[in-house]
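In our numbering, the protein residues as written are 61 to 186.
Glycine is no exception: its CB is placed at the ideal position from the N, C-alpha and C atoms.
Quantities reported herein were computed from a predicted structural model and do not represent experimental measurements.
Here's the structure we're looking at; comments come further down.
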Amino acid sequence: MGQVSHTAIPGPGAGNSGWEIVLSEGDTVVGRLRFRLCPVCHTGRIQDIWVNDDWQRRGLGREAMHTLLTASPGYRWTTTRQTWQGNAFFAAIAQETQTPLSAQGPLCLHLRGWWSRLAHRLVGHQ
Ligand SMILES: [Zn+2]
Numbered sequence: 061m062g063q064v065s066h067t068a069i070p071g072p073g074a075g076n077s078g079w080e081i082v083l084s085e086g087d088t089v090v091g092r093l094r095f096r097l098c099p100v101c102h103t104g105r106i107q108d109i110w111v112n113d114d115w116q117r118r119g120l121g122r123e124a125m126h127t128l129l130t131a132s133p134g135y136r137w138t139t140t141r142q143t144w145q146g147n148a149f150f151a152a153i154a155q156e157t158q159t160p161l162s163a164q165g166p167l168c169l170h171l172r173g174w175w176s177r178l179a180h181r182l183v184g185h186q
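Shown next, in the form of structure tokens:
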């Protein structure tokens with residue numbers, strides 16, 4: 061298997077705060093790390109991380125997290141509700157990178173605002 065590249069792109073339908081890092085080998089997408097960023101408050105939220113079954117246990121998720129954290133120094137990060145596997149994963153990354161990655165924590169007003177706008181749209185109150 062060849063080199064896996066990391067490309068940050070705006071996430072689909074996520075307004076202006078949603079992003080994802082796409083892991084690909086050639087034309088094949090092998091993983092994604094979705095996150096949201098507030099450049100005003102330097103707040104970030106990790107939405108989810110997915111690696112193709114065939115590519116598990118190669119450290120791809122870990123590399124994606126390193127790419128993200130290296131590209132966004134000074135950001136405060138939280139994660140979405142975590143499974144126990146997710147907990148172990150984020151705990152290891154937090155320790156490696158000396159970056160707190162808590163499962164809870166307040167979102168800044170900008171990111172919260174985006175969620176409430178989306179919720180309004182979904183229930184048809186726009
Ligand atoms: Zn903000």
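Worksheet entry | R172 burial status per 10 Å Cβ neighbour count (16 or more: buried) | Sequence index remark: in the sequence shown, residue 172 carries index 112 (1-based). Its Cβ having fewer than 16 others within 10 Å, R172 is exposed.
Practice prompt. Quick one: measure Cβ to Cβ for S77 and R96, integer angstroms, because I've assumed they're closer than 8 angstroms.
Written response: By one-based count along the sequence shown, residue 77 stands at place 17. By one-based count along the sequence shown, residue 96 stands at place 36. Going by Cβ atoms, the distance from S77 to R96 rounds to 5 angstroms, so yes, they are a contact pair.
Item to complete: Mark T100 as exposed unless 16 or more other C-beta atoms lie within 10 angstroms of its C-beta, in which case mark it buried.
Response: If you number the sequence shown from 1, residue 100 lands on position 40. Rather than Thr, the amino acid found at residue 100 in this sequence is Val. The residue is exposed, with fewer than 16 neighbouring Cβ atoms inside 10 Å.
Item to complete: Quick one: residues with CB closer than 7 angstroms to any heavy atom of ligand 1, in chain order, please.
Response: C98, V100, C101, T103, C168, L169, H170 and L171
Fill in: Cross-strand partners of W110 (DSSP beta bridge)
Walking along the sequence shown from the start, residue 110 turns up at place 50. Answer is R92, bridged to W110.
Discussion item. Just to check my reading of the structure: A124 and I81 have Cβ atoms closer than 8 angstroms, yes? What is that Cβ distance to the nearest angstrom?
Written reply: For the purposes of this step, residue 124 is taken as residue 64 along the sequence shown, with counting starting at 1. For the purposes of this step, residue 81 is taken as residue 21 along the sequence shown, with counting starting at 1. The Cβ separation is near 5 angstroms, so the contact holds.
Discussion item. Assuming the contact rule is C-beta atoms closer than 8 angstroms, I193 and W137 should be a hit. Round their C-beta distance to whole Å, please.
Written reply: The shown model of the chain, from 61 to 186, leaves out residue 193, and the question about it has no answer.
Practice prompt. Determine the closest residue to T159 out of G134, L83 and V89, with distance taken between C-alpha atoms.
Written response: Translated into the one-based positions of the sequence shown, residue 159 becomes position 99. Between T159 and the set G134, L83 and V89, the nearest pair of CA atoms involves G134.
Item to complete: Report, in whole angstroms, the separation of the C-beta atoms of V90 and L120, which I expect to be a contact under 8 angstroms.
Response: Within the sequence shown, residue 90 is the residue found at index 30, counting from 1. Within the sequence shown, residue 120 is the residue found at index 60, counting from 1. With 8 angstroms as the limit, V90 and L120 qualify as a contact, their Cβ atoms being about 7 angstroms apart.
Fill in: Extent of the continuous alpha helix (DSSP H) to which G190 belongs
The shown model of the chain, from 61 to 186, leaves out residue 190, and the question about it has no answer.
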